[in-house]
Amino acid sequence: MARSTPVPNWVPANLPPAPGVYQFEDEIGTPIYVGKSVNLRRRVRGYFYGGGPSDERMAMMVRLARKVTIHRTGTDLEALLEEAERIERNRPAFNRALKNRSRGWYIEVDWGQPFPRLRITGARRRSRAQYLGPFRGRRGPTEAARLVEKIFRLRSCTGAIRPDEEASPCLQHGIDLCSAPCIGLAGVDAYRRQVRAAMRCLAESEAVETALARCSAQRDAALKAGAMNLATSWDRRVDWLHELEGYRAMLERPHVDRSLLIVLPGAEPGDGLLLPMARGRVLPRTRIHWSDADWREEVCRVCYDVRLAELRAESVFAPADLTPSLIVTSWLDRRSRDEGQVFDLDRLDASLVTEALAAEVEGSAAA
Ligand code: SF4
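The number in this note's numbering is simply the position in the sequence shown, starting from 1, with 2 added.
Here you go:
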């Protein structure tokens, strides 16, 4: 007698114990949940054992589901990208994590203004402005920008500034958080140097280290001279610089300065996956069979597509671009060598890439 199982009969019996993406659909075929796993069989069937999911939202999803489809992948990176794309495309009702993604945010300094402010913006529109980003989420860049404003005594007021010695500065100057360009205490050149130093600290850890050394030395000198108020003021800056380093770790930002071709193992033996990235944008993936006579042409075509995408790239990351970019960036930062090959297309052209891959393909065929 067959053992009874809690898994409904609409779940295919032959789910593979392999990595990939699964998609639950309701009775009219609408995708209601997308997930990924390194073992599709165990993950999908696991939804029905132990009385079902303890989480009420997932329990409801399982009650509504009437079909599950799968897409096998060769690697976890491909599964992550496939999952993100399906969620972006279908907006399944029970996916929360990736659905509420941001469009990407920038820190902007408009050098066209004599006394520029740091602004958080979702678009790169000003031709004379400098931008850092894009970052996922608005909170991280906003907090980091507010910290450097305080550290470098930048103005937080809005609107244009016309220095007037007769005017009254606001409280920010009274509590030593602004160098008061509004009353001419900081001239155009001095104020812009403050802004440049602030942007360097936002962009580079080394600049924060330099600023920390300077602020600590100033604090120690003030202490030695018995100037307690001044010492306290420098000490606050030291604390804010440490806080800034904490925020930097939270600022998720894709590698927009690089163009790459990533070559991953495919889902089946003898298959590969070409994953191109043009200045941080992840382009469509191409499946490749190493036994096909024309795989070299495919690699050259994909490298060419990267060059075209670089020329056509909009200056603003579209909502759909940011999440795949962050997925690949995070994979690049933590990957181990045997997970796939990465070719830097700023250093290598298509012929050198195919040469390196050919040596690999011939090596595996001989083994
Ligand atoms: S002190 Fe002057 S420049 Fe600074 S924030 Fe206040 S009004 Fe703006």
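Built from N, CA and C at the ideal position, the CB exists for glycine as well. Given the structure is predicted, the values throughout are model-derived calculations rather than measurements.
Practice task
Hey, could you find the ends of the beta strand (DSSP E) I370 is sitting in?
Solution key: The first residue shown for the chain is 3 and the last is 369, placing residue 370 beyond what the model contains.
Problem - C-alpha distance - M3 paired with R47, whole-angstrom precision - result: Residue confidence for M3 is low, a pLDDT of 48 falling below 50, so the modelled location carries little weight; the figure read from the coordinates is stated next. Approximately 21 Å, taken between the alpha carbons.
Exercise for the section: Jot down the residue ranges of each uninterrupted alpha helix (DSSP H) in the stretch 46-93, minimum 4 residues, whole runs only, in chain order. Expected result: 58-66 and 78-92
Exercise for the section: Give the single residue among E254, E300 and P33 whose Cα lies nearest to the Cα of T144. Expected result: For T144, the closest alpha carbon among the candidates E254, E300 and P33 is that of E254.
Practice task
Give a yes or no on whether the C-beta atoms belonging to V210 and L243 are separated by under 8 Å.
Solution key: Cβ distance < 8 Å, so V210 and L243 count as in contact.
Exercise for the section: Buried or exposed for L347, please, with buried defined as at least 16 other CB atoms from any protein chain shown within 10 angstroms of its CB. Expected result: Buried is the call here.
Problem - Paired residues, beta bridge with D112 - DSSP - result: Answer is A131.
Handout entry: Limits of the unbroken beta strand (DSSP E) element including S39
Key = P33 to S39
Exercise for the section: Between the Cα of R148 and those of S218, W113, R119 and T234, spot the shortest distance and give me the residue it belongs to. Expected result: R119
Practice task
Output the distance between the C-alpha atoms of R138 and A229, rounded to the nearest integer angstrom.
Solution key: Computed Cα separation, rounded: 42 Å.
Exercise for the section: Note down, one range per segment and in chain order, each beta strand (DSSP E) of at least 3 residues found wholly within the stretch 211-289. Expected result: 262-267 and 273-280
Practice task
Taking the CB atoms as reference points, tell me whether P183 and I153 lie closer together than 8 Å.
Solution key: no
Exercise for the section: Kindly examine the ligand SF4 and report whether one of its heavy atoms sits closer than 7 Å to the Cβ of P256. Expected result: no
Handout entry: Cβ neighbour criterion (16 or more within 10 Å) applied to G221
Key = It is worth fixing the name first, because residue 221 is Arg in this sequence and not Gly. Per the 10 Å Cβ criterion, buried.
Practice task
Might you give, ordered along the chain, the residues of its own chain that have their beta carbon closer than 7 Å to the beta carbon of V9, omitting 5 neighbours on each side?
Solution key: R47 and F50
Problem - DSSP state of G176 mapped onto helix, strand, coil - result: helix
Problem - Contiguous alpha helix (DSSP H) assignments of at least 4 residues, all confined to the stretch 325-352 - result: none
Problem - Assigned secondary structure, E299 (DSSP; H/G/I helix, E/B strand, else coil) - result: helix
Practice task
Could you tell me the distance, in whole angstroms, from the CA atom of C302 to the CA atom of E110?
Solution key: Cα to Cα, the separation comes out at about 37 Å.
Practice task
Tell whether a beta-carbon distance below 8 Å holds between G274 and G282.
Solution key: no
Problem - Alpha-carbon to alpha-carbon, D166 and R155 - result: 18 Å
Practice task
Could you tell me whether any non-hydrogen atom of the ligand SF4 is closer than 7 Å to the CB of R157?
Solution key: R157 has its Cβ nearer than 7 Å to a heavy atom of the ligand SF4.
Problem - Inter-stretch contact (C-beta, 8 Å, three-pair minimum) for the stretch 66-74 and the stretch 258-267 - result: no
Problem - CB of A219 within 8 Å of CB of C203, strictly - result: no
Handout entry: Assigned secondary structure, E29 (DSSP; H/G/I helix, E/B strand, else coil)
Key = In the structure shown, the three-state DSSP call for E29 is coil.
Exercise for the section: Let me know the secondary structure DSSP gives T7 once reduced to three states. Expected result: coil
Practice task
Out of R140, E27, A361 and Q132, point me to the one whose CA is closest to I72's CA.
Solution key: Cα-wise, what sits closest to I72 is E27.
Exercise for the section: Identify the continuous beta strand (DSSP E) that holds T123 and give its terminal residues. Expected result: L120 to T123
Handout entry: For N97 and V1, believed in contact at Cβ under 8 Å, the rounded distance
Key = The shown model of the chain, from 3 to 369, leaves out residue 1, and the question about it has no answer.
Exercise for the section: Identify whether G186 lies in helix, strand or coil by the three-state DSSP scheme. Expected result: Shown here, G186 sits in coil according to DSSP, grouped into three states, outside any helix or strand.
Practice task
Compute the Euclidean distance between the alpha carbons of R140 and T234, then round it to the nearest angstrom.
Solution key: 31 Å
Exercise for the section: Check the DSSP bridge columns for V23 and list the partner residues they point to. Expected result: K38 and H73
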